[in-house]
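A.B. asks:
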Amino acid sequence: MQGREKLETYLEGWRTGDGKLSLSATAPGFFYDDPDTGRIRRDGLPDFVESFKAAGASLCGGQVPAPFLQYSDLTVSGGAPAIAWCWWRVTGTDFQGAACIRFDETGVLSERIAYFTNDPDETAIPEG
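Under our numbering, think of the first position of the sequence shown as 48, with each following residue one higher.
(1) Let me check understanding here. Comparing Cα to Cα, which of G144, A131, P82 lies closest to K53?
(2) Which of helix, strand or coil does DSSP assign to A74?
(3) For A145, which option in G50, E158, F99, D65 has the closest C-alpha, if you only look at C-alpha atoms?
(4) Nearest to V96 by alpha carbon, out of D120, F142, S69, S119?
(5) In three-state DSSP terms, what is L58?
(6) Roughly how many angstroms separate the alpha carbons of R86 and A161, rounded to a whole number?
(7) At what residues does the alpha helix (DSSP H) containing E97 begin and finish?
(8) Decide if the region 105-125 is in contact with the region 136-154; the criterion is three or more beta carbon pairs, one per stretch, under 8 angstroms apart.
(9) Would P128 and F150 qualify as a contact pair, given that the criterion is a beta-carbon distance under 8 angstroms?
(10) With a threshold of 6 angstroms on Cβ separation, who are the neighbours of K67 within its own chain once the five nearest residues in sequence on each side are excluded?
(11) Only counting runs of 3 or more residues, tell me where the beta strand (DSSP E) segments fall wholly within the region 138-163, in order along the chain.
(12) Quick one: what's got a C-beta closer than 8 angstroms to T122's C-beta in the same chain, skipping five residues either side?
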């Protein structure tokens with residue numbers, strides 16, 4: 048599987064809420080940086096996806112939306128490693144932000160996200 052295919056598999060796991068699928072596309076030293084929870088190591092990714100889904104479901108009457116995430120504005124720059132930037136949103140909500148994903152032939156190396164809100168007096172992160 049080429050690096051771009053691994054990126055697509057990783058994003059598909061998030062899109063569908065399947066943390067194990069995303070995990071399958073990660074490199075051994077993978078980490079996920081979340082400004083709220085901090086750094087998530089590779090072995091913690093599936094549990095983190097589940098907690099992220101719970102936060103999204105709390106905004107959707109307790110139901111995880113399908114698809115879970117929607118992506119737009121995906122931009123990939125070449126290099127070693129390559130970098131993908133995208134905008135993400137939990138389907139049917141205003142829970143959204145940006146992601147910077149580093150990847151190469153070994154898989155996804157890291158993801159760093161940021162949250163976004165239109166209201167400067169509110170946090171972009173759902174409570175719960």
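Virtual Cβ for every residue (Gly too), placed ideally from N, Cα, C.
C.D. replies: In terms of the structure at hand:
(1) The residue with the shortest Cα to Cα distance from K53 is A131.
(2) A74 falls in the strand class under three-state DSSP.
(3) Of G50, E158, F99, D65, the residue nearest in Cα terms is E158.
(4) When only C-alpha atoms are compared, the closest one is S69.
(5) Helix at L58.
(6) Computed Cα separation, rounded: 13 angstroms.
(7) Here the alpha helix (DSSP H) through E97 covers 92-105.
(8) The answer is yes - the region 136-154 touches the region 105-125, with three or more Cβ pairs under 8 angstroms.
(9) Yes.
(10) The beta carbon of K67 sits closer than 6 angstroms to those of P93, all from its chain and outside the five residues before and after it, given in chain order.
(11) Complete beta strand (DSSP E) runs here, min 3: 143-151, 154-163.
(12) When the five nearest sequence neighbours on each side are left out, the beta carbons in the same chain lying within less than 8 angstroms of the beta carbon of T122 are those of A131, W132, C133, in order along the chain.
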